[in-house]
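Participant:
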Amino acid sequence: MQHLLQKYGRITKLSEDEADTFQNLANSKRQFQAGDVLVASDLADPDQLYIIDEGRFFASLELAGGERAITRLYFPGDIMGTANIPFEHATQTITANTQATVYTFPRHNLVDAFARMPRVAAIFYTFAALENAILNDRLISVGRTRGRARLASLLLEIAAREHLMDDEPDAICQPRLTQEQIGDAIGLTVVQVNRLFKMFTEDGLIARDSGRIEFLDRSRLEEMGQFRDRYEDLDLSWFKEIG
């Protein structure tokens, strides 16, 4: 649960009661192996929500032609399954892409927490809106930019997410995704993704070593990907008005 508190604490100082409210959302833990499916689209009861303690997940949809679109990437401290809250059936499939541990809790726990702690609801809403903005940026990138811009933007997004809760420079990222999964996230084939990685390396934009990617020319990547770090673009002044 520490990752959740650190993540929310990045945008506003949590009171002791607020921290306790988040910690008390869940007390049950589950473990997953890479490839395990957490929520099967249109099959599972969407009542359960999940807080990532360790590991990575992604949300995806199966397309009519048998292809897959990865829509969201989840990191430690993220709450998964919130997109399913208003619906009778789950709207997306969530898959572990590394070994992972999560806390589980029923969605009505959120309602109780929101009713008692208005700022908890505001913090939750802020991150939900932030995640939607990131998703919108990626959808625009996939629909309106070339492949190299899509890959640059995705790598920078992952770096921003990885380093959200530390003070390390986000010049390094570990996607923890296969090239096929990266392609599913940005609308490219695995062959195209492989070709782009080679191009980035040859052009001196990145260096790769055992799944670790170092940005050698971040400014060029940002320009190429038209990247905007949404975590650095938050206006939190309205939090002061919430009791």
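In terms of our numbering, the sequence shown is numbered consecutively and its last residue is 232.
The C-beta atom is built at its ideal place from N, Cα and C for all residues, glycine as well.
Source: prediction; values computed, not measured.
#1: Cα-Cα, which of Phe113, Leu144, Ile147 is closest to Glu7?
#2: In chain order, which continuous runs of the beta strand (DSSP E) of length 3 or greater are located wholly inside the region 71 to 155?
#3: When you compare each of Thr82, Thr87, Phe11, Glu77 to Phe103 by their alpha carbons, which one comes out closest?
#4: Going by CA-CA distance only, name the one from Met(-10), Gly(-2), His(-8) that's closest to Glu111.
#5: Going by the CB atoms, is the gap between Lys(-4) and Gly238 shorter than 8 angstroms?
#6: Would you say Glu191 and Ala160 are within 8 angstroms of each other, going by their C-beta atoms?
#7: Report the option in Thr84, Gly172, Ala79, Ala15 whose CA atom is closest to the CA atom of Phe47.
#8: Rounded to whole angstroms, what is the Cα-Cα separation between Lys2 and Asn183?
#9: Provide the residue span of the alpha helix (DSSP H) that contains Phe189, from first to last.
#10: Do you know whose CA, among Asp36, Arg209, Val179, lies nearest Glu235's CA?
#11: Here's a check: name, in chain order, each residue in its chain whose Cβ is nearer than 6 angstroms to the Cβ of Ala148, leaving out the five neighbours to either side.
#12: Nearest-angstrom Cα distance between His152 and Ser130?
#13: Taking Thr93 and Ala15 to be in contact with their CB atoms under 8 angstroms, please state how far apart those CB atoms are, rounded to whole angstroms.
#14: For Met213, which three-state DSSP category applies?
#15: Taking only three categories from DSSP, how would you classify Ala8?
Facilitator: Taking the structure as given:
#1: Here residue 7 refers to the residue found at position 18 of the sequence shown. Ranking Phe113, Leu144, Ile147 by Cα distance to Glu7 puts Phe113 first.
#2: Uninterrupted beta strand (DSSP E) stretches at least 3 residues long and entirely within the region 71 to 155 occur at 82 to 85, 89 to 95, given in chain order.
#3: If you number the sequence shown from 1, residue 103 lands on position 114. Closest by alpha carbon: Phe11.
#4: Taking the first residue of the sequence shown as 1, we reach residue 111 at position 122. At residue 111 the sequence reads Ala, which differs from the Glu that was named. Of Met(-10), Gly(-2), His(-8), the residue nearest in Cα terms is Gly(-2).
#5: Given a span of -10 to 232 for the chain in the structure shown, any question on residue 238 remains unanswerable.
#6: Counting from 1 along the sequence shown, the entry for residue 191 is found at position 202. Counting from 1 along the sequence shown, the entry for residue 160 is found at position 171. In this structure, Ala160 does not lie closer than 8 angstroms to Glu191 by Cβ.
#7: For the purposes of this step, residue 47 is taken as the residue at position 58 of the sequence shown. Among Thr84, Gly172, Ala79, Ala15, the Cα nearest to that of Phe47 belongs to Thr84.
#8: Here the question's residue 2 lines up with position 13 in the sequence shown. Here the question's residue 183 lines up with position 194 in the sequence shown. Taking the straight line from one Cα to the other gives about 43 angstroms.
#9: Translated into positions along the sequence shown, residue 189 becomes position 200. Unbroken alpha helix (DSSP H) run through Phe189: 179 to 191.
#10: Residue 235 lies beyond the stretch modelled for the chain, which goes from -10 to 232, so this question has no answer here.
#11: Position 159 of the sequence shown holds residue 148. A distance below 6 angstroms between beta-carbons, with the five flanking residues on each side excluded, links Ala148 to the following residues of its chain, in chain order: Asp159, Cys162.
#12: The residue labelled residue 152 in the question sits at position 163 within the sequence shown. The residue labelled residue 130 in the question sits at position 141 within the sequence shown. Note on geometry: alpha-carbon atoms of His152 and Ser130 lie some 22 angstroms from one another.
#13: The sequence position of residue 93 within the sequence shown is 104, counting from 1. The sequence position of residue 15 within the sequence shown is 26, counting from 1. Yes, they are in contact, since the Cβ atoms of Thr93 and Ala15 sit about 6 angstroms apart, within 8 angstroms.
#14: Within the sequence shown, numbered from 1, the residue matching residue 213 stands at position 224. Three-state DSSP puts Met213 in a helix.
#15: Position 19 of the sequence shown, counted from the first residue, corresponds to residue 8. In the three-state DSSP reduction, Ala8 falls in the helix class (H, G or I).
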